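Quick note, the numbering used here runs 298 ahead of the 1-based positions in the sequence shown. Positions of the beta carbon are idealized from the N, C-alpha and C atoms, including for glycine. Source: prediction; values computed, not measured.
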Amino acid sequence: MVLTQCGPQSMLNPAQNVPVQEIDPVSRAEATFANNPAGSRMDYRDNHGEYTYRLSKTHLYQFASLSRNRKQSDTRTGVWMYKKTGAKTGQLIFDGNDIWNLRFISKNRATAKNDGDKRTYTFDFEWE
Numbered sequence: 299m300v301l302t303q304c305g306p307q308s309m310l311n312p313a314q315n316v317p318v319q320e321i322d323p324v325s326r327a328e329a330t331f332a333n334n335p336a337g338s339r340m341d342y343r344d345n346h347g348e349y350t351y352r353l354s355k356t357h358l359y360q361f362a363s364l365s366r367n368r369k370q371s372d373t374r375t376g377v378w379m380y381k382k383t384g385a386k387t388g389q390l391i392f393d394g395n396d397i398w399n400l401r402f403i404s405k406n407r408a409t410a411k412n413d414g415d416k417r418t419y420t421f422d423f424e425w426e
């Protein structure tokens, strides 16, 4: 899968294509999910489809979603940041304004709430 970057002009060339495989992963020894999810893939689902974020060490992300009928319905790239807010909590922020409040329930799983949504999601993290 190849996604087109579309982040801030100062950081990215919007016409540049970046293969997903070129995002360098980090090893389990380099980070703990509750401290820094860099280099991970984050998956979640709801009644409408399945969603995947790939979080690079350079704080760029790639997003893809599949609808319930298994058709790719959205892709995008941008900038992410993470702010640890407690021993097992943090905020994952996409493009400066899409804020997810996380509570880690295990090393590879967190419950998540988006600031604009009342629902609680389960995020599964995996090192790539």
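Residue of the options minimising C-alpha distance to residue i
i: isoleucine 397; options: Lys381, Leu364 and Asn406; result: Lys381
i: alanine 362; options: Arg374, Ser354 and Arg368; result: Arg374
i: alanine 385; options: Val377, Leu400, Gly337 and Lys411; result: Leu400
i: alanine 408; options: Asn395, Phe392, Asn367 and Phe423; result: Phe423
i: aspartate 413; options: Arg368, Gly394, Asn345 and Arg352; result: Gly394
i: histidine 357; options: Leu390, Lys369 and Thr383; result: Leu390
i: asparagine 334; options: Asp344, Asp415 and Phe402; result: Phe402
i: tryptophan 425; options: Asn345, Asp344 and Leu353; result: Leu353
i: alanine 336; options: Tyr419, Asn345, Tyr351 and Lys355; result: Lys355
Counted within 10 angstroms of its Cβ, other Cβ atoms place residue i as buried (16 or more) or exposed
i: aspartate 376; result: Contrary to the premise, residue 376 reads as glycine rather than aspartate in this sequence. By the 10 Å Cβ count, glycine 376 comes out buried.
i: serine 338; result: buried
i: serine 365; result: exposed
i: aspartate 322; result: For aspartate 322, the predicted model reports a pLDDT of 49, less than 50, meaning its position is unreliable and no value from the coordinates is stated.
i: methionine 379; result: exposed
i: arginine 417; result: exposed
i: serine 404; result: exposed
i: arginine 368; result: exposed
8 Å contact criterion, which residue i and residue j should meet: CB distance rounded
i: tyrosine 349; j: tyrosine 359; result: Tyrosine 349 to tyrosine 359, Cβ: 12 Å. No contact.
i: serine 371; j: glycine 347; result: 6 Å
i: phenylalanine 421; j: alanine 410; result: 5 Å
Enclosing beta strand (DSSP E) for residue i [first to last residue]
i: alanine 362; result: 358-365
i: serine 338; result: 338-343
i: lysine 381; result: 370-384
Secondary structure, beta strand (DSSP E): runs of 3+ residues fully inside the region 394-424 = The region 394-424 contains these whole beta strand (DSSP E) runs: 396-404 and 407-412.
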